[in-house]
Amino acid sequence: MNTAPRDDLKSQIRRDALAKRDALSGEFRMNAAETVAMREFPIEVPAGAVVSGFFPLKTEINPVRLMRRLVAGGAQLALPLIVGRGKPLSMRAFAFGDELIPGQWGILEPSPAAPEVEPDILIVPLLAFDRVGQRVGYGAGYYDLTITTLRRKKPITAIGIAFAAQEIPQVPATPNDAPLDFVLTEREVIDLRE
443 MNTAPRDDLK SQIRRDALAK RDALSGEFRM NAAETVAMRE FPIEVPAGAV
493 VSGFFPLKTE INPVRLMRRL VAGGAQLALP LIVGRGKPLS MRAFAFGDEL
543 IPGQWGILEP SPAAPEVEPD ILIVPLLAFD RVGQRVGYGA GYYDLTITTL
593 RRKKPITAIG IAFAAQEIPQ VPATPNDAPL DFVLTEREVI DLRE
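Residue numbering for the sequence shown follows my numbering, beginning at 443 and increasing consecutively.
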């Protein structure tokens, strides 16, 4: 099967999504992140549950306030560590105040010495999403691999976080794409479970 047209379409979606996101003012992005953080979380997070978050890259919506709120409710945090192309992310235990090091693309990551954990909930960055749970990321497939690998081991919940402007009518999905269960935006909580 020729995947070139779909790959070209995803590349165009990435460019368009980045342009839309970059056009949002800093004040809007900050207020949106605050709105998402202060809204009721869409699922119960039992004390001790492991929630993986991330530190934002460039103009991504910032999930740190949400992560802090989940910790205040008893969650344990994890952050992704890139271990290599074509491999799932290694999720490492993290607490605010831990030392972080710049990883690929300058994204802050835990030390490779931090304990590896298996999250129960993943807060997932994205460039674009649709209403059936598909997302477009940056193209390396790290989160798709990670979500798929974890779902083979145990029940998990994958929650995308984005600006409402990042929604598109339809993501050109492939069988390797791992669907999200929810997307949180400044406008709404979108439940994508069937």
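We put the beta carbon where it would ideally sit given N, CA and C, even for glycine.
Worksheet item: To the nearest angstrom, how far is it from the Cα of K529 to the Cα of R594?
Response: 15 Å
Practice prompt. With DSSP as the reference, please indicate the residues paired to T477 in a beta bridge.
Written response: None, per the DSSP bridge assignment.
Fill in: Span of the beta strand (DSSP E) around A600
T599 to I603
Item to complete: Identify the continuous alpha helix (DSSP H) that holds V513 and give its terminal residues.
Response: V506 to A514
Worksheet entry | Sequence-distant residues of its chain with Cβ nearer than 6 Å to K462 (five each side left out) | A607
Discussion item. Checking the sheet assignment: what are the DSSP bridge partners for L520?
Written reply: Looking at the sequence shown, residue 520 is not Leu but Ala. In DSSP, A520 forms a bridge with S494 and A535.
Item to complete: Using a threshold of 7 Å, state whether the C-beta atoms of I598 and D562 are closer than that.
Response: yes
Worksheet item: If you check the beta carbons only, do L523 and E551 fall under 7 Å apart?
Response: yes
Discussion item. Per the DSSP calculation, A570 is bridged to which residue(s)?
Written reply: V578
Worksheet item: Taking the alpha-carbon positions, what's the E482 to V631 distance?
Response: 9 Å
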